[in-house]
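Below you'll find the structure, written out as structure tokens, and then a few comments.
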Amino acid sequence: MNVPVKRGMLLRHQGRLFFVEEVAERHSGKMRPTVHVRIRDALDGRHVDRTLDELMPLEEVPFAIRTMQYLYAKGQNRVFMDSQTFEEFELSPAALHNCEPFLTEGQEFRVLVADERPLRLEMPDTVALRVADTAAPSHAVGTAGNVMKEARLENGLEVRVPLFIKTGDVIRVSTRNREYAGKGP
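To convert, take the position in the sequence shown, counting from 1, and add 147; that gives my numbering.
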């Protein structure tokens with residue numbers, strides 16, 4: 148069956164924008180296959196499950212990826228500036244996908260934009276952050292293995308780092324699991 152919906156598409160359904168997250172085709176006996184689509188509301192992040200028949204007629208919405216610079220926090224929202232037009236936009240917590248701890252002022256991010264408004268922040272796999280403070284190593288001399296210590300980063304995030312990392316070093320942190328991913332930018 149040729150399915151007109153693909154993962155990553157942006158659709159307009161009942162006047163709202165939705166991202167297609169999952170498409171699954173299910174077969175049941177002699178009946179025709181049913182296509183189940185898991186979509187996420189672009190504004191509030193709410194997940195909805197629908198069949199393809201419920202989404203018809205399909206209205207795909209074109210979108211673009213723009214580079215925007217993080218400026219500051221404004222209440223629960225975060226303010227970003229478009230690097231080309233210098234226009235400022237506010238992104239809600241739902242559009243940030245729990246990535247607030249990785250935002251540092253002046254840092255540039257990719258933002259998905261549709262209908263001339265930003266919808267979602269596209270986080271890189273890793274971000275470079277400066278170590279603000281590290282704990283003293285808690286190990287015996289001559290210990291072998293992967294010995295780690297606690298470190299507090301410039302944005303308040305705490306991660307475990309190798310013993311050779313010191314205050315002032317720049318490290319890479321995974322945005323997926325919030326763990327140390329390497330040294331330097």
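The beta-carbon is built from N, C-alpha and C at its ideal position, and this holds for glycine as well.
Determine the closest residue to Arg319 out of Arg277, Leu259, Ala282, Ser239, with distance taken between C-alpha atoms.
Here residue 319 corresponds to residue number 172 of the sequence shown, with the count starting at 1. A check of alpha carbon separations from Arg319 across Arg277, Leu259, Ala282, Ser239 identifies Arg277 as the nearest.
Does the separation of the CB atoms of Met270 and Thr322 fall below 8 angstroms?
By one-based count along the sequence shown, residue 270 stands at place 123. By one-based count along the sequence shown, residue 322 stands at place 175. Yes, these two residues count as a Cβ contact at 8 angstroms.
Rounded to whole angstroms, what's the CA-CA distance from Thr314 to Asp188? Just pull it up for me.
Locating residue 314 in the sequence shown gives position 167, where the first residue counts as 1. Locating residue 188 in the sequence shown gives position 41, where the first residue counts as 1. Rounded to the nearest whole angstrom, the CA to CA distance from Thr314 to Asp188 is 41 angstroms.
Using 10 angstroms around the beta-carbon of Val184, count the other beta-carbons present and answer buried if the total reaches 16, otherwise exposed.
Position 37 of the sequence shown, counted from the start, is the residue given in the question as residue 184. The C-beta of Val184 has 16 or more other C-beta atoms within 10 Å across all chains shown, which makes the residue buried.
6 angstroms CB neighbourhood of Glu255 in its chain, flanking five on each side removed:
Here residue 255 is taken as the residue at index 108 of the sequence shown, counted from 1. Apart from sequence neighbours up to five positions away, the residues of its chain that approach Glu255 with a beta-carbon distance below 6 angstroms are Thr214, Gln216, ordered along the chain.
Excluding sequence positions up to five away, which residues of its chain have a Cβ less than 8 angstroms from the Cβ of Gln231?
As a working note, residue 231 is residue 84 in the sequence shown. Excluding residues within five positions, the ones whose Cβ falls inside 8 angstroms are Arg213, Thr214.
Is it right to say Lys265 is buried, meaning 16 or more other beta carbons lie within 10 angstroms of its own, or is it exposed?
In the sequence shown, the residue the question calls residue 265 occupies position 118. The sequence given here has Pro at residue 265, not Lys. A buried status is given to Pro265, since no fewer than 16 other beta-carbon atoms sit within 10 Å of its beta-carbon.
Hey, how far is the Cα of Ala211 from the Cα of Arg173?
Taking the sequence shown and counting its residues from 1, one reaches residue 211 at position 64. Taking the sequence shown and counting its residues from 1, one reaches residue 173 at position 26. Across the structure, Ala211 and Arg173 are spaced so that their CA atoms are roughly 32 angstroms apart.
Take the Cβ of Val274 as the centre, count every other Cβ of all protein chains shown within 10 Å, and call the residue buried at 16 or more, exposed below.
Residue numbering aside, residue 274 sits at position 127 when the sequence shown is read from its first letter. Residue environment for Val274: buried (at least 16 other C-beta atoms within 10 angstroms of its C-beta).
Kindly indicate which residue of Phe236, Gly331, Val226, Ala261 has the alpha-carbon position closest to the one of Leu250.
Residue 250 sits at position 103 when you count from the first residue of the sequence shown. Considering only alpha carbons, the answer is Val226.
When the Cα atoms are used, what is the spatial distance from Gly162 to Arg325?
Position 15 of the sequence shown holds residue 162. Position 178 of the sequence shown holds residue 325. If you draw a straight line from the Cα of Gly162 to the Cα of Arg325, it is about 36 angstroms long.
Quick one, are the C-beta atoms of Gly331 and Val308 less than 8 angstroms apart?
Counting from 1 along the sequence shown, the entry for residue 331 is found at position 184. Counting from 1 along the sequence shown, the entry for residue 308 is found at position 161. Their beta carbons are not under 8 angstroms apart, which means Gly331 does not touch Val308 by this criterion.
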